[in-house]
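Novice:
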Amino acid sequence: MTPELEARLAVAGLDAAAVTALVETALAEDGATDVTSEPIFAPDDRAAGDFTARKDGVVAGIPVAETVFELLGVDYESHVADGDRVTKGRALISVSGPTRAVLRAERTALNLLTHLSGIATATRRWVDAIEGTKAKVRDTRKTLPGLRALQKYAVRCGGGVNHRMGLADAALVKDNHIAAAGSVTRAYEAIRAVYPSLHVQVECDTLAQVEEALAAGATSLLLDNMSVGRMTEAVKLVNGRAELEASGGLGLAGVRDVAVTGVDYLAVGALTHSSRAFDIGLDFS
1 MTPELEARLA VAGLDAAAVT ALVETALAED GATDVTSEPI FAPDDRAAGD
51 FTARKDGVVA GIPVAETVFE LLGVDYESHV ADGDRVTKGR ALISVSGPTR
101 AVLRAERTAL NLLTHLSGIA TATRRWVDAI EGTKAKVRDT RKTLPGLRAL
151 QKYAVRCGGG VNHRMGLADA ALVKDNHIAA AGSVTRAYEA IRAVYPSLHV
201 QVECDTLAQV EEALAAGATS LLLDNMSVGR MTEAVKLVNG RAELEASGGL
251 GLAGVRDVAV TGVDYLAVGA LTHSSRAFDI GLDFS
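Residues 1 to 285 in UniProt numbering are what the sequence shown spells out, letter by letter.
This is the structure in structure tokens:
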């Protein structure tokens, strides 16, 4: 990997070694032999083309695709940056090199680009829907195994913000923790006894749990599956004493109603587990 690409990945908050390992794994899935391209093209045959957006959206994953090209010896020139809004027909990356290598790179690069750009595009729709409110769109741990760092990066490209990356970053007291511990207070105090300075968020299904969590000292609450009316009550009850995150079954159509209640964050697991791939294609010149 060139120092320039490594630097771009670092600026994006991505680990170059991890991205390289992921791309190598993806390329290995295709096997050592391309029984379609190798009989058709000689080793010195060359091709050139453009990876082009086939709809409007937000791009994410350009340096990841560039990693594919570098590993396969394909020359490239990127015309956009991650987070850019693009329109249908926009050339994202131009490539050239041995035809066999370009064709081997095509699908792996597209798999990564379309998936990450799909997440970024979906995130931007949510962010645009709540523009003018103080709420921010936040992701969850509902990510594909091995792709969490990239998926959460794509959320950032779309204008969203990240929740914890893993179980060691922050504590989230959920319903099963509360049920097994016996109460919100017991679960919260047990964590605080071991980790006095750790960020702790408590999931609350009812206003009674909100009151209990506040009394225990919680300063971050997850309002789970509450109606807009109940959420409005919770915001008034908390009155700025804790940050609030709305969660559970949020839909794009009604998200602005949730945002204007005064919550600080909207937890949207669908960003990473259900976003539709963004349509990009490689067209040879």
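Each residue gets a CB set at the ideal place from its N, CA and C atoms; glycine is no exception.
Just to confirm the assignment, what range does the beta strand (DSSP E) spanning Val173 have?
Specialist: Unbroken beta strand (DSSP E) run through Val173: Ala171 to Val173.
Novice: What ranges does the alpha helix (DSSP H) occupy inside the stretch 126–162, keeping only unbroken runs of at least 4 residues that lie completely in it?
Specialist: 148–157
Novice: Between Ala120 and Val58, how many whole angstroms is the CB-CB distance? I'm expecting something under 8 Å.
Specialist: 4 Å
Novice: Please report the distance separating the alpha-carbon of Val86 from that of Ala154.
Specialist: If you take the alpha carbons of Val86 and Ala154, they lie about 15 Å apart.
Novice: Mind checking who Thr272 pairs with in its DSSP beta bridge?
Specialist: Its beta-bridge partners do not exist; DSSP assigns none.
Novice: According to DSSP, is Ser37 part of a helix, a strand, or is it coil?
Specialist: helix
Novice: Just confirm the distance between the C-beta atoms of Leu271 and Gly160, as a whole number of angstroms; I'd bet it's less than 8 Å.
Specialist: 7 Å
Novice: Report all residues from its chain with a CB closer than 6 Å to the CB of Asp264; omit the five preceding and five following residues, and keep chain order.
Specialist: Glu243 and Leu244
Novice: Is it the case that the stretch 131–147 contacts the stretch 81–100, given that we only count it when at least three CB pairs across the two stretches are under 8 Å?
Specialist: no
Novice: For Val95 and Gly146, I'd like the C-alpha separation in whole angstroms.
Specialist: 27 Å
Novice: What are the residues that DSSP puts in a beta bridge with Pro98?
Specialist: Paired residues: Arg46.
Novice: Taking the straight line between their C-alpha atoms, what separation do you get for His177 and Ala193?
Specialist: Approximately 16 Å between the Cα atoms of the pair.
Novice: Over the uninterrupted beta strand (DSSP E) stretch that includes Leu223, give me the two end residues.
Specialist: Taken as a continuous stretch (DSSP letters only), the beta strand (DSSP E) holding Leu223 covers Ser220 to Asp224.
Novice: For the alpha helix (DSSP H) that contains Gly229, what are its first and last residues?
Specialist: Val228 to Val238
Novice: Could you tell me the boundaries of the alpha helix (DSSP H) in which Glu189 lies?
Specialist: Val184 to Val194
Novice: I believe Val210 touches Leu237 by the beta-carbon criterion, under 8 Å. Please report the beta-carbon distance rounded to the nearest angstrom.
Specialist: Yes, Val210 and Leu237 are in contact; Cβ-Cβ is about 6 Å, under 8 Å.
Novice: Using 9 Å as the threshold, is the C-beta distance between Ala235 and Leu250 below it?
Specialist: Sequence check: residue 235 is Val here, not Ala. Not closer than 9 Å, so no.
Novice: Helix, strand or coil for Val255 per DSSP?
Specialist: Note: Val255 maps to helix in three-state DSSP.
Novice: Give a yes or no on contact between the stretch 251–259 and the stretch 21–38, applying the rule of three or more CB pairs nearer than 8 Å.
Specialist: no
Novice: Between the alpha carbons of Ala109 and Ala16, how many angstroms are there, rounded?
Specialist: 16 Å
Novice: Write down the C-beta distance between Leu103 and Ser37 rounded to the nearest angstrom, noting that I regard them as a contact closer than 8 Å.
Specialist: 5 Å
Novice: At the level of alpha carbons, what is the spacing between Arg241 and Arg107?
Specialist: 50 Å
Novice: Can the beta-carbon of Val184 be found less than 9 Å from the beta-carbon of Ala149?
Specialist: No Cβ-Cβ contact shorter than 9 Å links Val184 with Ala149.
Novice: Below 8 Å on the Cβ atoms is my contact criterion, and I expect Thr99 with Arg141 to pass it. Report the Cβ-Cβ distance as a whole number of Å.
Specialist: About 41 Å separates the two Cβ atoms, so there is no contact after all.
Novice: Relative to the C-alpha of Phe51, which residue among Ile40, Arg164, Ala32 and Ser78 is closest?
Specialist: Ser78
Novice: Looking only at its own chain, which residues have a Cβ that is under 6 Å from the Cβ of Asp56, when we skip the five neighbours before and after it?
Specialist: Thr87 and Lys88
Novice: Quick one, which of Cys204, Ala190 and Asp205 has its alpha-carbon nearest Leu198's?
Specialist: Ala190
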